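What follows is a single structure, written as structure tokens, with notes after it.
In UniProt numbering, the protein residues as written are 1 to 443.
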């Protein structure tokens, strides 16, 4: 079994973090041991791009093209069948099989439940059975308690500790929370100010699972790279730290709110030139960050921030690298990025298949998806059918933008449709290429 970040033949004695090992106990798949020590997702099936991709031979005829999804964040793991014809078996119990006699199309509206995997579980797909082994070092078995579920309470405790001169918190002493600016799956953002200073956005991120010192240090070490980014179209990250069971960040405050809020105020869509101008500016920020080796990996209208008003709006991308660092430190649990109401609407197929090794082109696809939404009020893929949204990402192309709105200029539509191609790579791979193409389309 080969997944994006499988380490073949790794010795368990060498593992110093939580690790999930899948061992083949029946079947013909080789190699027979796969080790995962970081956050990833894997799609098992016979289709190209699956990892593992089971052979299309007589021994695997009962395996569907996209059979099931593994969501791994050591030591946590889940499996979900995609409504396959023959089902996935967990400890001998069939899970997720579509009802006999129903075609894949007829059963497309079903969303099958996820099942947690535990040490010693056995997972069977066709004739191949994997035994799950979850290895945890002592430090991972004795973590601190997870953070408070209320981000404002955590923010207030952090600021109170800073005002009480707790070591390491001097840089955020004196701040007062004014109001909430936004909320997401891992926390919230607040407007904060202090006497004589410039207002900042105070971002609080709460671990979805219990963390340990190593996980905290890894996350903050990764965010240090983000703190070095300075560009007109990147929201500056000033301070970062951990206290009171959560992580805090002071970020450049953008008084125009987010692109998502702008869309809501405008009734769901923006004028063509305004939407493209925001996209072009955001692409300049992406181009700069990608040149520094940083991929956002969670781009959406929620973290494209704006300053100014009217024709003077300036776009700034926030949260560079935070989602990836949070995931890879094992702090996000099994929630996935790029989701709105549980649907991965801005997530390119490449990122779902190869979660850990997300490359710059995944940001380019997501930015094109944001522009598509700004012009049409719709997401690129059709999620209205009720089918499993993750299967839609795997199988369905973006709807041509002029099918949504024939009023989108033809030259612009051609660029956006090309940027949203996945064959299997995006049709436009770099931020610079998409930026130039958008500019040319409106000349």
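Even glycine gets a Cβ: it sits at the ideal position worked out from N, Cα and C.
Owing to the predicted nature of the structure, the values given are computational and were not obtained by experimental measurement.
- If the five residues before and after residue 233 are omitted, its C-beta is found closer than 8 Å to the C-beta atoms of 281, 282, 284, 285, 288, 314, 315, 316 and 317, all from its own chain and listed in chain order.
- Note that the C-beta distance between residue 125 and residue 25 is not below 9 Å.
- Secondary structure at residue 302: helix, using DSSP grouped into helix, strand and coil.
- In the pairwise beta carbon analysis, the stretch 248-266 is classified as not touching the stretch 355-367: fewer than three pairs are separated by under 8 Å.
- Taking C-alpha positions only, residue 206 is separated from residue 151 by approximately 7 Å.
- Shown here, residue 226 sits in a helix according to DSSP, grouped into three states.
- Looking at the DSSP output, residue 288 sits in no beta bridge, so it has no partner there.
- Classified as exposed, residue 58 has fewer than 16 neighbouring CB atoms from the shown chains inside 10 Å of its CB.
- A direct Cα-to-Cα measurement between residue 414 and residue 399 gives close to 12 Å.
- With a cut-off of 8 Å on Cβ pairs, the stretch 367-376 is in contact with the stretch 419-435, counting three or more such pairs.
- In the displayed model, residue 317 falls within a strand according to three-state DSSP.
- The alpha helix (DSSP H) runs lying completely inside the stretch 149-221 and spanning 4 residues or more are 151-163, given in chain order.
- Just measuring C-alpha positions, the residue of 295, 401 and 23 sitting nearest residue 131 is 23.
- Residue 47 is positioned such that its CB atom lies no closer than 9 Å to that of residue 60.
- Taking 9 Å as the cut-off, the Cβ atoms of residue 175 and residue 194 count as close.
- For residue 254, the secondary structure class from DSSP, reduced to helix, strand or coil, is coil.
- For the options 322, 277, 296 and 292, the alpha carbon positioned closest to that of residue 310 is the one of 277.
- Its Cα nearest to that of residue 327, the residue 298 stands out among 353, 306, 298 and 308.
- 322 is the residue among 376, 198, 322 and 94 whose C-alpha sits nearest the C-alpha of residue 240.
- Exclusion of the five residues before and after residue 192 leaves 175, 177, 200 and 202 as the residues of its chain whose Cβ lies within less than 6 Å of its Cβ.
- For residue 410, the enclosing alpha helix (DSSP H) has its first and last residue at 410-419.
- Segment contact: the stretch 111-125 against the stretch 75-87, three or more CB-CB distances shorter than 8 Å; contact assigned.
- Annotation: residue 443 to residue 275 spans about 15 Å, alpha carbon to alpha carbon.
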